Amino acid sequence: MDFTPAFVELIAQRRTDLRAELDAILPQACSIVLEIGSGHGHFLTRYAAEFPAKRCVGVDMRSERIARSLRKVAHGRLLNCHFVRAEALEFLYALPPAVKFEEIWVLFPDPWPKKRHHKNRLMQPDFLEALAARSLPEARLYFRTDFAPYFESVAAFLPSLMSWQLLPHAEWPLEHETVFQARADGYQSLVAVRTSHPAKPTGRVAPGLPPPISPTSSA
Ligand SMILES: C[S@@+](CC[C@H](N)C(=O)[O-])C[C@H]1O[C@@H](n2cnc3c(N)ncnc32)[C@H](O)[C@@H]1O
Numbered sequence: 000m001d002f003t004p005a006f007v008e009l010i011a012q013r014r015t016d017l018r019a020e021l022d023a024i025l026p027q028a029c030s031i032v033l034e035i036g037s038g039h040g041h042f043l044t045r046y047a048a049e050f051p052a053k054r055c056v057g058v059d060m061r062s063e064r065i066a067r068s069l070r071k072v073a074h075g076r077l078l079n080c081h082f083v084r085a086e087a088l089e090f091l092y093a094l095p096p097a098v099k100f101e102e103i104w105v106l107f108p109d110p111w112p113k114k115r116h117h118k119n120r121l122m123q124p125d126f127l128e129a130l131a132a133r134s135l136p137e138a139r140l141y142f143r144t145d146f147a148p149y150f151e152s153v154a155a156f157l158p159s160l161m162s163w164q165l166l167p168h169a170e171w172p173l174e175h176e177t178v179f180q181a182r183a184d185g186y187q188s189l190v191a192v193r194t195s196h197p198a199k200p201t202g203r204v205a206p207g208l209p210p211p212i213s214p215t216s217s218a
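With numbering that gives the first Met the number 0 applied, the sequence shown covers 0 to 218.
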């Protein structure tokens with residue numbers, strides 16, 4: 000894919016800003032509870048209130064949802080809860096290397112039902128490898144969706160990954176209805192645990208964006 004110089008520059012600036020934002024809110028080395036696609040922040044703000052000793056970070060691409068989430072943070076005076084506007088893979092690349100995940104939550108991600116759009120789904124093998132690379136041993140991954148074919152595809156490929164293992168009877172540390180959960184007729188959930196197997200390196204980059212490190216970009 001060809002990118003115009005102006006677009007590459009814009010993305011490089013966005014990456015620089017994202018790194019600065021993360022440096023400002025997180026110590027260089029720490030563990031975090033990460034929610035990807037945090038939407039309006041219902042789940043993570045409740046989680047942060049219930050578990051004040053845990054450092055929570057929500058990531059979403061949509062600025063108005065981040066703004067709503069931040070209002071909940073301010074309202075609840077949640078010093079342990081942060082929300083960052085970013086694409087999930089861009090966030091992973093920008094995160095300081097010694098920041099690790101102790102829990103990862105992916106609740107009602109966009110289902111991308113059409114086959115030709117499946118490549119846009121968050122929950123794919125290479126994305127889970129990228130998450131594994133940043134996760135602590137025994138980290139937990141919590142996934143929930145109301146779109147049965149999406150659930151089935153994740154449940155089908157996950158056992159083939161060495162870096163994650165399904166935990167069929169694991170409990171959820173917190174149940175709190177999200178906006179999309181409230182709209183759903185039903186849903187399915189799974190939990191996986193990070194194994195001791197090294198994560199497979201992945202070359203995936205955020206859809207539609209230039210690679211984070213390229214000869215033409217300093218980001
Ligand atoms: C269907 S909504 C679910 C929101 C929330 N988890 C809930 O259950 O109410 C999916 C959210 O994921 C965000 N999102 C989708 N793809 C993303 C990506 N690649 N990186 C970050 N956020 C993403 C969207 O902006 C949207 O807010």
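A virtual CB, placed ideally from N, CA and C, is assigned to each residue, including glycine.
Since the structure is predicted, the reported quantities are computational estimates derived from the model, not experimental observations.
{"Asked": "Following the continuous alpha helix (DSSP H) through residue 128, name the residue where it begins and the one where it ends.", "Found": "124-132"}
{"Asked": "Is residue 20 near ligand 1, with its Cβ less than 6 Å from a heavy atom?", "Found": "no"}
{"Asked": "Quick check: is any heavy atom of ligand 1 less than 6 Å from the C-beta of residue 185?", "Found": "no"}
{"Asked": "What are the uninterrupted segments assigned as alpha helix (DSSP H) that are 4 or more residues long and contained completely in the region 50-91, given in chain order?", "Found": "62-75"}
{"Asked": "Should residue 40 be labelled buried (16 or more other beta-carbon atoms within 10 Å of its own) or exposed?", "Found": "buried"}
{"Asked": "If you check the beta carbons only, do residue 55 and residue 80 fall under 7 Å apart?", "Found": "yes"}
{"Asked": "From the DSSP output, read off the bridge partner residues of residue 235.", "Found": "Coverage of the chain is limited to positions 0 through 218, which leaves residue 235 absent and any answer about it impossible."}
{"Asked": "So, at 7 Å on beta carbons, what are the nonlocal neighbours of residue 117 in its own chain, with the 5 sequence-adjacent residues on each side left out?", "Found": "111"}
{"Asked": "Hey, is residue 87 close to ligand 1, as in C-beta under 6 Å from one of its heavy atoms?", "Found": "yes"}
{"Asked": "Count the other C-beta atoms from every protein chain shown that fall within 10 angstroms of the C-beta of residue 45, then say buried if there are 16 or more, exposed otherwise.", "Found": "buried"}
{"Asked": "Can you give the Cα-Cα distance for residue 209 and residue 162, rounded to whole angstroms?", "Found": "27 Å"}
{"Asked": "Under 7 Å, do residue 72 and residue 53 count as touching if we go by C-beta distance?", "Found": "no"}
{"Asked": "Pick from 154, 93, 190: whose alpha carbon is nearest that of residue 20?", "Found": "93"}
{"Asked": "Residue 165 to residue 136, Cα distance in whole Å?", "Found": "14 Å"}
{"Asked": "Is DSSP giving residue 27 helix, strand or coil here?", "Found": "coil"}
{"Asked": "How many Å lie between residue 14 and residue 62 at the Cα?", "Found": "16 Å"}
{"Asked": "With a cut-off of 7 Å, does the C-beta of residue 99 fall near any C-beta of chain B?", "Found": "In the displayed structure, chain B is absent; only one protein chain is listed."}
{"Asked": "Are three or more beta carbon pairs between the region 187-195 and the region 142-156 nearer than 8 Å?", "Found": "yes"}
{"Asked": "What three-state label does DSSP hand residue 138 in the structure shown?", "Found": "strand"}
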